[in-house]
Amino acid sequence: MASTLPSSVLVVGGGGREHTLVRSLLASPARPRVICAPGNAGIAQDATCFPIAADDITGLVALARREKAEFVVVGPEVPLALGLADQLIDAGIPVYGPKAAGARLEASKIFTKEILLKYKIPTAAAGIFSEVEPALAYVRSRGAPIVIKADGLAAGKGVVVALTLAEAETAIREMLGGRFGASSRQILIEDCLTGEETSILVVVSGRDYVILPTSQDHKRIGDGDTGPNTGGMGTYSPAEVVTPALLARIENEIVRPSVNAIAGEGLDYCGTLFIGIMLTPTGPSVIEYNARFGDPETQVVLPRLDSDLLALLWAAAQRQLDGFALKVKPTHALCVVVAARGYPDKFAKGDVITLPPTLPASVTVYHAGTSLNAAGQIVTNGGRVLGVTALGSTLRQAADAAYAACDAIQCTTKYYRRDIGAKQLNRAKP
Ligand code: AMP
Ligand code: GLY
348 MASTLPSSVL VVGGGGREHT LVRSLLASPA RPRVICAPGN AGIAQDATCF
398 PIAADDITGL VALARREKAE FVVVGPEVPL ALGLADQLID AGIPVYGPKA
448 AGARLEASKI FTKEILLKYK IPTAAAGIFS EVEPALAYVR SRGAPIVIKA
498 DGLAAGKGVV VALTLAEAET AIREMLGGRF GASSRQILIE DCLTGEETSI
548 LVVVSGRDYV ILPTSQDHKR IGDGDTGPNT GGMGTYSPAE VVTPALLARI
598 ENEIVRPSVN AIAGEGLDYC GTLFIGIMLT PTGPSVIEYN ARFGDPETQV
648 VLPRLDSDLL ALLWAAAQRQ LDGFALKVKP THALCVVVAA RGYPDKFAKG
698 DVITLPPTLP ASVTVYHAGT SLNAAGQIVT NGGRVLGVTA LGSTLRQAAD
748 AAYAACDAIQ CTTKYYRRDI GAKQLNRAKP
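Numbering (the working numbering), first residue to last: 348 to 777.
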């Protein structure tokens, strides 16, 4: 058993993932005080929010001290990459989220690729480039489709799946030309994998780990997986394409070797390891690691937990995760992201959102890019605005309830995909 649970928790971030974390932590039987920075208009209805940006490391450490937070749970990758966990640990405040050295698994795709190759964890073949001409020669030798990736963080936009050589060449010139600043000073050119993707979230504490329920994201902006990549337009859990046998294979070939590789590299990892996996015809292959919970994966994974999230994350932070028996509800969850029309490119802010006065108990609206205007109305304040999650005894039930709620939300610039979960729904036998 982990030691006494903390009575006050600071959640860092202000998106749909953090709203879900706040709700799940508040549901702990330990009844902790939960505060958030910077939060959003929806989180502010559940927890006191402090207007400190997620990249203001000094401000966040000072806040944790001032508010006597006994535990900090970090949502986004940027504060982790900037060393928030290192500084909190130095200040004697337990934290869930890896130190900067561990966050490099997300902050540098080249660092990760080198670890994957060194430890023989299945992943696509790749070349690393910092000059245009050798990169162009490499793509010409490999042919299209081919994938061009900025090495560093690029808010989910640093990957181009080029269907033609011309697209690949443009992406190479743009990225090495400085499109993402220092993040694309080096690029990775990777063979294109085919198959369905799944997101495997793993709570890691050194060499111990707990695998959370499976989920599947929908990365493209348009129905039928068309248009540009986004941060994620909707999710469902469980991802039934990951059968129990396949999950066992993923654990053996990817999860355990990854956790051991990360420990073997001396990264002393405590936090979520999010493994993006392509289920290729020849087996599961790692697309990426993220050093945090997924967004919007969190919005379908956490509502399905029957275990106390606070106890789970605290056990990880206390290095007492060994033997944690995770309980999962036998439900399906589906989340539709309501975005501002125009996202992931230009979009307007400040559009008034009116939520239906009542929603079924199975539906939760998690806020992402929302704020209050001068009149106290909830308005859009980001690309991804809301995450509408529904639980159901079938995926169909969950989808119907989520979409009914999305349709009932009033917001003139709302946009959402109509086909979240369709792959699994169409696969399901009547
Ligand atoms: P990432 O930012 O690494 O998650 O990549 C964004 C998306 O690009 C992934 O979710 C995949 O859909 C796609 N992608 C990344 N790498 C590959 C690859 N090697 N082959 C095919 N698609 C990829
Ligand atoms: N939904 C994908 C991510 O969080 O990176």
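Quick reminder that beta carbons are idealized off the backbone N, C-alpha and C, glycines included. Here the structure is a predicted model, which means the values were calculated and not measured.
If you run the structure through DSSP and keep just helix, strand and coil, what is residue i?
i, result
"C758", "coil"
"C682", "strand"
"I725", "strand"
"M348", "Because the pLDDT of M348 is 48, which lies under 50, any placement of that residue in the model is unreliable, and the number read from its coordinates should be weighed accordingly. M348 falls in the coil class under three-state DSSP."
"L620", "strand"
"P492", "coil"
"S605", "helix"
"T405", "helix"
"A611", "Residue identity differs from the one stated: residue 611 is Gly in this sequence, not Ala. DSSP places G611 in helix when its eight states are reduced to three."
"G716", "coil"
"I475", "strand"
"Y750", "helix"
"D766", "coil"
"F458", "helix"
"S371", "helix"
"L500", "coil"
"L463", "helix"
"P353", "coil"
"A388", "coil"
"Y690", "coil"
"G362", "coil"
"L652", "strand"
"R378", "coil"
On the premise that residue j lies in contact with residue i, defined as a C-beta separation below 8 angstroms, what is that separation, rounded to the nearest angstrom?
i, j, result
"F397", "P385", "7 angstroms"
"I493", "A482", "With a Cβ gap of about 11 angstroms, I493 and A482 do not count as contacting."
"I609", "I624", "Not a contact, Cβ separation roughly 16 angstroms."
"A638", "E453", "4 angstroms"
"T736", "T711", "5 angstroms"
"V486", "I536", "6 angstroms"
"V369", "A394", "5 angstroms"
"A416", "S355", "5 angstroms"
"T470", "K460", "7 angstroms"
"I756", "I700", "7 angstroms"
Please say whether residue j and residue i have beta carbons closer to each other than 9 angstroms?
i, j, result
"I495", "V507", "yes"
"L719", "A447", "no"
"P560", "R651", "yes"
"A497", "R520", "no"
"L427", "V419", "no"
"V795", "M522", "The displayed coordinates of the chain run from 348 to 777. Any statement about residue 795 would go beyond what the structure contains."
"Y443", "G613", "no"
"Y750", "I568", "no"
"Y763", "A686", "yes"
"L733", "G363", "yes"
"L659", "V557", "yes"
"P423", "G360", "yes"
"E644", "S584", "yes"
"D698", "K674", "no"
"S531", "G499", "yes"
"F476", "V549", "no"
"R554", "N607", "yes"
"A432", "D538", "no"
"A680", "G739", "yes"
"A411", "A450", "no"
"Q646", "Y713", "yes"
"E587", "D564", "no"
"I436", "E414", "no"
"P631", "T541", "no"
"G641", "T727", "no"
"T511", "A491", "yes"
Over what stretch of residues does the alpha helix (DSSP H) that includes residue i continue unbroken?
i, result
"T517", "512-523"
"G449", "447-454"
"N637", "Looking at the DSSP string, N637 is not in any alpha helix (DSSP H); the run it does join, the beta strand (DSSP E), is 630-637."
"P704", "Element bounds for P704: n/a, residue is neither H nor E."
"A663", "656-664"
"P426", "424-428"
Could you spell out where the beta strand (DSSP E) holding residue i opens and where it closes?
i, result
"A737", "731-739"
"I436", "Taken as a continuous stretch (DSSP letters only), I436 belongs to no beta strand (DSSP E), being part of the alpha helix (DSSP H) at 431-437."
"V675", "No beta strand (DSSP E) holds V675; DSSP gives it neither H nor E."
"V506", "506-509"
"P398", "Note, P398: premise wrong, no beta strand (DSSP E); not H, not E."
"V648", "Per DSSP, V648 belongs to no beta strand (DSSP E); it is in the alpha helix (DSSP H), 645-648."
"V420", "418-421"
Can a CB atom of chain B be found closer than 9 angstroms to the CB of residue i?
i, result
"K465", "The structure shown has no chain B; it contains just one protein chain."
Practice task
Return the chain-ordered ranges of every alpha helix (DSSP H) run that is complete within the region 526-606 and spans a minimum of 4 residues.
Solution key: Correct list: 591-597.
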